[in-house]
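In our numbering, the protein residues as written are -16 to 22.
A short write-up of the structure that comes next.
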């Protein structure tokens, strides 16, 4: 996020607001979905 924000602001573009990504929650959701599919 930081690298993208710095590149955008230094390039003269208006800032964009990136939401934080919770990779642990995404992993749990995918694991639960895979477990439900196998059952």
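We treat Cβ as the ideally placed atom computed from N, Cα and C, and that holds for glycine.
All of these numbers come straight from a predicted model, not from anything done at the bench.
How far does the alpha helix (DSSP H) with residue i in it extend, from its first residue to its last?
i           : result
residue -1  : Premise fails: residue -1 is in no alpha helix (DSSP H) and is neither H nor E.
residue -11 : -15 to -7
Excluding five sequence neighbours on each side, which residues of the same chain lie with their C-beta closer than 8 angstroms to the C-beta of residue i?
i          : result
residue -2 : -12, -9 and -8
Can you name, in chain order, every residue of its own chain whose Cβ lies under 6 angstroms from the Cβ of residue i, other than the five neighbours on each side?
i         : result
residue 8 : none
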